[in-house]
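There are 2 protein chains.
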Amino acid sequence: MAKRSSSSKEVLLGLLTIEPMSGYDLGQVIRDSIGHFWNESYGQIYPNLKKLAAEGFVGSKAERQKDKPDRRIYSIAPKGRKRLAEWLAIEPQPEIPRNELLLKLFFGAQASIETLVGFVERMAEREGAQLRNFERIHAELEKGRQYPGTPYWKMAARFGQIELDAHLRWTQESLAELNKIAGKRRSRSLTRSEERHGTK
Amino acid sequence: MAKRSSSSKEVLLGLLTIEPMSGYDLGQVIRDSIGHFWNESYGQIYPNLKKLAAEGFVGSKAERQKDKPDRRIYSIAPKGRKRLAEWLAIEPQPEIPRNELLLKLFFGAQASIETLVGFVERMAEREGAQLRNFERIHAELEKGRQYPGTPYWKMAARFGQIELDAHLRWTQESLAELNKIAGKRRSRSLTRSEERHGTK
DNA sequence: GGGTGCATGTAATGGGTTACATGATTCT
DNA sequence: AGAATCATGTAACCCATTACATGCACCC
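So the protein sequences, as listed, match chains A and B.
In terms of the working numbering, the first sequence is residues 1 to 200.
In terms of the working numbering, the second sequence is residues 201 to 400.
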């Protein structure tokens, strides 16, 4: 059997140790704070909160807001803290990534160089922007208010920084390599066209 | 709607451009050559090959072997090459990774430092071994027989190298950081126990 | 009145792993 | 005889995204 158990509920428990939140808040925090290494959709968050509440891992209470729609605030229960602690003690399984860009590059011989260059360039742009964002976040964690979690959040942000920096170095190297290949392909096709036209 | 379409069939087509192979072979090649950025289970490979054959994207023929069980060899058809080319031209979507180790580290304030240190140490060991493996693969691609795909395979291997190297630097930095935190936690609890015992 | 952000949910769909099932061949 | 590797396949299950559905409050 070995169910994937999947950590989706535990993320919610973990975030609720920071402070009580609504499902909507959790969605935002996941996207903005741990989005670079974890994400959850609302189609996952709301049902899981309901289940966690039904099983006594979290408490919930309705909150009336005057300027915004009402909402339901969840807070972690002792039973939830226990579950979180147990999960935290389990050795994390090395994840199996799926990198479509690398896959397409791997099959590069079947593709046009211009296309591949475009893919890598866009990756560099995207990840460059992300990197600058991480540097901002890391700086804020340094000077902002210190929570018990701050040192750990910084380590996670550093991971993003270091990894993105590595990716950017790879994009530079690969763009150079792709240019070399493009040069060769061009000269080869020139040769062939010269042959066809009886030149040289 | 926007079906995930998922690239699972295209990987098979892509690998079959290298040479005709059986489903079993494809499983091995996926694990050994592109396993660091893509993987497929046999429960995915066999049914997809069948579908690809039924739709005319690949051809298949039975092969009798005297020293091993019989097997079915698949080869890419012109229609399959077309499909592959179309897929290759589509901008790859940035993947959404799920890194359980980072997630647990992010909630580090709720865990024991010794546990976290163990996680990171094991990650360093695992990825260190993978890095050495990549260096070997990259060297073999340099000196081995040159296929049309070789330059691209090298780029993919370099990605693995560069990324793993970055990860290892992060593990070193993080282990140092965790040690600092452990020191603080110890002195804090010592202080508290001194207070309890009326020391100082 | 319409757009946007806040807020909560359900249902359909589907991708993918895991487990199960079977069998040949070779080596010890 | 049993273990290991080669080889192919199916079925169950489940995780997760996406789409759909609804409604409040606020501002232009």
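Don't be surprised by glycine CBs; every beta carbon is placed ideally from N, CA and C.
Note that the coordinates shown come from a computational prediction; the quantities given were computed from them, not determined experimentally.
Kindly indicate if chain A contains any beta-carbon less than 7 angstroms away from that of Asn299/B.
Answer yes: the Cβ-Cβ gap between Asn299/B and chain A drops below 7 angstroms somewhere.
In the stretch 324-383 of chain B, which residue ranges form an unbroken beta strand (DSSP E) of at least 3 residues, counting only runs that do not cross its ends?
If we require 3 residues or more, the stretch 324-383 of chain B turns out to have no beta strand (DSSP E) run fully inside it.
Per DSSP, which one or two residues make a beta bridge with Val58/A?
In the DSSP output, where bridge partners are listed per residue, Val58/A has Ile76/A.
By DSSP, does Ser5/A sit in helix, in strand, or in coil?
Ser5/A falls in the coil class under three-state DSSP.
Are any of the Cβ atoms in chain A nearer than 7 angstroms to that of Met221/B?
No, Met221/B does not count as interfacial toward chain A.
Check for me: the alpha helix (DSSP H) holding Glu300/B runs from which residue to which?
Start and end: Glu300 to Phe306.
Hey, how far is the Cα of Lys400/B from the Cα of Glu394/B?
Its pLDDT being 49, under 50, Lys400/B is placed unreliably by the model, and nothing is read from it.
Taking all protein chains shown into account, do 16 or more other C-beta atoms lie within 10 angstroms of the C-beta of Leu390/B, making it buried, or fewer, making it exposed?
Looking at its Cβ environment, which holds fewer than 16 other Cβ atoms inside 10 Å, Leu390/B is exposed.
Please name the residue or residues paired with Glu263/B in a DSSP beta bridge.
Its beta-bridge partners are Arg271/B.
Going by beta carbon distance, what residues of the same chain come within less than 7 angstroms of Leu226/B, once the five residues before and after it are set aside?
Result list for Leu226/B: Leu212, Leu215 and Ile245, in chain order.
Check each candidate in Val229/B, Arg396/B and Leu375/B and name the one with the smallest Cα separation from Glu314/B.
Taking only the C-alpha atoms, the option nearest Glu314/B is Leu375/B.
Do Ala357/B and Ala166/A have their C-beta atoms within less than 7 angstroms of each other?
Not in contact: Ala357/B and Ala166/A (Cβ atoms no closer than 7 angstroms).
Taking only the alpha-carbon atoms, compute the straight-line gap between Glu325/B and Leu331/B and give it to the nearest angstrom.
Taking the straight line joining both Cα atoms gives about 10 angstroms.
Tell me whether the beta-carbon of Glu57/A lies closer than 7 angstroms to the beta-carbon of Gly80/A.
Sequence check: residue 57/A is Phe here, not Glu. A contact, by the Cβ cut-off of 7 angstroms.
Counting Cβ pairs, one atom from each stretch, are 3 or more of them under 8 angstroms apart for the stretch 134-149 of chain A and the stretch 248-266 of chain B?
In short, these stretches do not touch, since the Cβ pair count stays below three.
For Tyr242/B, collect the residues of the same chain with a Cβ closer than 6 angstroms to its Cβ; drop the 5 residues on either side in sequence, then sort them by chain order.
Gly227, listed in sequence order.
Could you check if Asn48/A is buried or exposed, using at least 16 other CB atoms within 10 Å of its CB as the buried criterion?
Asn48/A comes out buried.
Along chain B, in chain order, which residues have C-beta atoms closer than 7 angstroms to that of Asn39/A?
In chain order: Ile296.
Indicate whether at least one CB of chain B lies closer than 7 angstroms to the CB of Leu131/A.
Chain B contact via Cβ: absent.
Looking only at its chain, what residues have a beta carbon closer than 7 angstroms to the beta carbon of Ser8/A, apart from the 5 residues adjacent to it on each side?
The residues are Glu40, Gln44 and Asn48.
Quick one: list the residues of chain B neighbouring Gly14/A, beta-carbon separation under 9 angstroms, in chain order.
Neighbours of Gly14/A on chain B, chain order: Leu303, Lys304, Phe306, Phe307 and Gln310.
Quick check: the Cα distance between Val117/A and Glu291/B, rounded to an integer number of angstroms?
Computed Cα separation, rounded: 11 angstroms.
Between Gly235/B, Glu377/B, Gln310/B and Ser260/B, which lies nearest to Phe159/A when the distance is taken from Cα to Cα?
Taking only the C-alpha atoms, the option nearest Phe159/A is Glu377/B.
May I ask you to report which of helix, strand or coil DSSP gives Ser112/A?
Ser112/A: coil per DSSP, three-state reduction.
Rounded to the nearest angstrom, what separates Glu210/B and Gly128/A at their Cα positions?
Cα to Cα, Glu210/B sits roughly 29 angstroms from Gly128/A.
For Leu252/B and chain A, any beta-carbon pair shorter than 7 angstroms?
No, no contact with chain A.
The alpha helix (DSSP H) with Gly23/A in it runs from where to where?
From DSSP, the alpha helix (DSSP H) with Gly23/A extends over Gly23 to Ser33.
Should Ala111/A and Gly349/B be called a contact, given that it needs their Cβ atoms to be closer than 7 angstroms?
No, the Cβ-Cβ distance between Ala111/A and Gly349/B is not below 7 angstroms.
Evaluate Gly344/B with the Cβ neighbour count: other Cβ atoms within 10 Å of its Cβ, from every protein chain shown; 16 or more gives buried, anything less gives exposed.
The residue is exposed, with fewer than 16 neighbouring Cβ atoms inside 10 Å.
Taking 7 angstroms as the limit between beta carbons, can you name the residues of its chain near Thr171/A, skipping five residues before and five after?
Here the set comprises Val120, Met123 and Ala124.
What's the gap between the Cα of Leu252/B and the Cα of Ala277/B?
Distance between the alpha carbons of Leu252/B and Ala277/B is about 10 angstroms.
Between the stretch 268-293 of chain B and chain A, which residues of the former have CB atoms less than 9 angstroms from a CB of the latter, in chain order?
The residues in question are Arg281, Leu284, Ala285, Trp287, Leu288, Ala289, Ile290, Glu291, Pro292 and Gln293.
CB-CB under 7 angstroms to Ala2/A, same chain, minus the five flanking residues each way: which ones, in chain order?
In this prediction, Ala2/A scores a pLDDT of 44, lower than 50, which makes its location untrustworthy; no coordinate-derived value is stated.
Judging by CA-CA distance, which residue of Ser75/A, Leu103/A, Arg192/A and Trp153/A is the nearest neighbour of Met355/B?
For Met355/B, the nearest C-alpha among the options comes from Leu103/A.
Which word fits Asn299/B, buried or exposed, when buried means at least 16 other C-beta atoms lie within 10 angstroms of its C-beta?
Buried.
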